[in-house]
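Protein chains in written order, with our numbering: chain C, -18 to 162; chain B, -18 to 162.
This report concerns only the one structure given below.
If you want it as structure tokens, here you go:
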């Protein structure tokens, strides 16, 4: 079970969650039913109109599919976020000159859904900040990874995915954003 | 040396910094010259107009002195922040009914500079969010502590301390706020 394996990775990384948080900790398969390839495990620590922080876990070689955070309105140009690798290795892909031989393995049959191919390698202690409206996707190395995400307000329901199958899943099963004061 | 000891605590907590970050990691004595009692070690991971994240380290029984984050202007009601304990124990004090027998030991001769006495105990995985303009101070337990701070934009130069000696030090040695895009 992906959630249980991700909790083990968090433990290896030395990151402590409370009992309540372990329940809330969620595995997401983006509606594709192949979570060990395309998926993500995560916990939102705090999400307010002014900032957001999450812990993300990737199983070995698990991929967070390509997406971007669009402009919301005049006061919110879209989510800006910083990924900080805490444990393991993360291969992050962003717009820019395509890296000739990327480390990530593209999920079979989904190659067209991973358009940006400029590779950033994040090892523990390394971080990268993404501007709003920037296409990105990422994959863990062979042992998995833990990534702290620091950002502006997170409105997951507004994320735009490259994979039309994921977009269709989002229409069928709308997300309810949880925003604190 | 406080910085070296704090880096050891981070290591025990399993938190990895890059070589560059270890250089930037700073010990602050608030101008009082008694850093083992009143002080803080910290690293700013990211500070943009939209969000901020820091790692804070406290040596055993070290105290971050009482302060608040004032309103900046019409668009910024003051810094809102979430403290998440990652390692050790933190005793956090906020406005509210004074806790009869607090765990923290007040620094000698500075008792009047710690006015709020409502105790919140944070163990690993526990967190607490502070509204802007809320007086607060905190002290680590006997082994020290590591605290992740998630917040809105941090403008340290505007912090208001209860201790007039710290306020005076701030006037003599103004802080230059580092804000990224």
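Think of the CB as a built atom: it goes at the ideal place given N, C-alpha and C, for glycine as much as any other residue.
The structure displayed is predicted, hence computed values, not measured ones.
Can you name the start and end residues of the beta strand (DSSP E) that residue i belongs to?
{"i": "residue 101 of chain C", "result": "99 to 103"}
{"i": "residue 65 of chain C", "result": "62 to 75"}
{"i": "residue 22 of chain B", "result": "21 to 29"}
{"i": "residue 108 of chain C", "result": "108 to 111"}
{"i": "residue 117 of chain C", "result": "117 to 132"}
CA-CA distance, residue i and residue j?
{"i": "residue 97 of chain B", "j": "residue 119 of chain B", "result": "10 Å"}
{"i": "residue 30 of chain B", "j": "residue 56 of chain C", "result": "13 Å"}
{"i": "residue 76 of chain B", "j": "residue 62 of chain C", "result": "32 Å"}
{"i": "residue -14 of chain B", "j": "residue -6 of chain B", "result": "13 Å"}
{"i": "residue 5 of chain C", "j": "residue 64 of chain C", "result": "21 Å"}
{"i": "residue 82 of chain B", "j": "residue 108 of chain B", "result": "22 Å"}
{"i": "residue 157 of chain B", "j": "residue 14 of chain B", "result": "21 Å"}
{"i": "residue 24 of chain C", "j": "residue 60 of chain C", "result": "17 Å"}
{"i": "residue 78 of chain B", "j": "residue 93 of chain C", "result": "59 Å"}
{"i": "residue 58 of chain B", "j": "residue -9 of chain C", "result": "35 Å"}
{"i": "residue 37 of chain C", "j": "residue 42 of chain B", "result": "32 Å"}
{"i": "residue -11 of chain B", "j": "residue 3 of chain B", "result": "11 Å"}
{"i": "residue 52 of chain B", "j": "residue 87 of chain B", "result": "28 Å"}
{"i": "residue 48 of chain B", "j": "residue 33 of chain B", "result": "18 Å"}
{"i": "residue 129 of chain C", "j": "residue 44 of chain C", "result": "16 Å"}
{"i": "residue -18 of chain B", "j": "residue 20 of chain B", "result": "12 Å"}
{"i": "residue 91 of chain B", "j": "residue 146 of chain B", "result": "10 Å"}
{"i": "residue 121 of chain B", "j": "residue 22 of chain B", "result": "12 Å"}
{"i": "residue 84 of chain C", "j": "residue 102 of chain C", "result": "9 Å"}
{"i": "residue 100 of chain B", "j": "residue 71 of chain B", "result": "10 Å"}
{"i": "residue 138 of chain C", "j": "residue 16 of chain B", "result": "46 Å"}
{"i": "residue 159 of chain C", "j": "residue 18 of chain C", "result": "26 Å"}
{"i": "residue 123 of chain B", "j": "residue 155 of chain B", "result": "32 Å"}
Whose C-alpha, out of the options, is nearest the C-alpha of residue i?
{"i": "residue 153 of chain B", "options": "B:12, B:-17, B:7", "result": "B:12"}
{"i": "residue 142 of chain B", "options": "B:114, B:68, B:127", "result": "B:114"}
{"i": "residue 140 of chain C", "options": "C:27, C:32, C:46, C:-10", "result": "C:46"}
{"i": "residue 27 of chain C", "options": "C:131, C:117, C:51, C:138", "result": "C:131"}
{"i": "residue 67 of chain B", "options": "B:-18, B:-17, B:-4", "result": "B:-4"}
{"i": "residue 125 of chain C", "options": "C:162, C:69, C:94, C:151", "result": "C:69"}
{"i": "residue 0 of chain C", "options": "B:33, B:106, B:37, B:149", "result": "B:106"}
{"i": "residue 104 of chain B", "options": "C:-18, C:-2, C:-16", "result": "C:-2"}
{"i": "residue 163 of chain B", "options": "B:128, B:162, B:10", "result": "No answer is possible for residue 163 of chain B: it lies beyond the span of chain B, which begins at -18 and ends at 162."}
{"i": "residue 144 of chain C", "options": "C:128, C:117, C:129", "result": "C:117"}
{"i": "residue 136 of chain B", "options": "B:54, B:22, B:40, B:18", "result": "B:54"}
{"i": "residue 127 of chain B", "options": "B:-16, B:73, B:39", "result": "B:39"}
{"i": "residue 112 of chain C", "options": "C:123, C:95, C:133", "result": "C:133"}
Starting from residue i, trace the alpha helix (DSSP H) in both directions and tell me its first and last residue.
{"i": "residue -12 of chain B", "result": "-17 to -7"}
{"i": "residue 4 of chain B", "result": "0 to 5"}
{"i": "residue 41 of chain B", "result": "Here residue 41 of chain B belongs to no alpha helix (DSSP H), and DSSP marks it neither H nor E."}
{"i": "residue 151 of chain C", "result": "145 to 153"}
Using a cut-off of 7 Å between C-beta atoms, extract the partners of residue i located in chain C.
{"i": "residue 31 of chain B", "result": "61, 133"}
{"i": "residue 105 of chain B", "result": "-3"}
{"i": "residue 2 of chain B", "result": "106"}
Could you list which residues in chain C have their beta carbon closer than 9 Å to that of residue i, in chain order?
{"i": "residue 26 of chain B", "result": "63, 65, 108, 129, 131"}
{"i": "residue 159 of chain B", "result": "Going along chain C, no residue has its Cβ under 9 Å from residue 159 of chain B, so there is no contact; the nearest lies around 14 Å."}
Quick one: does the C-beta of residue i sit closer than 6 Å to a heavy atom of the ligand GTP?
{"i": "residue 60 of chain C", "result": "You won't find the ligand GTP in this model; it holds no ligand whatsoever."}
Give the interface partners of residue i over in chain B, defined as CB-CB distance under 8 Å, in chain order.
{"i": "residue 34 of chain C", "result": "34, 63, 65, 129, 131"}
Residue i versus chain B: which residues are under 9 Å apart at the beta carbon?
{"i": "residue -6 of chain C", "result": "-5"}
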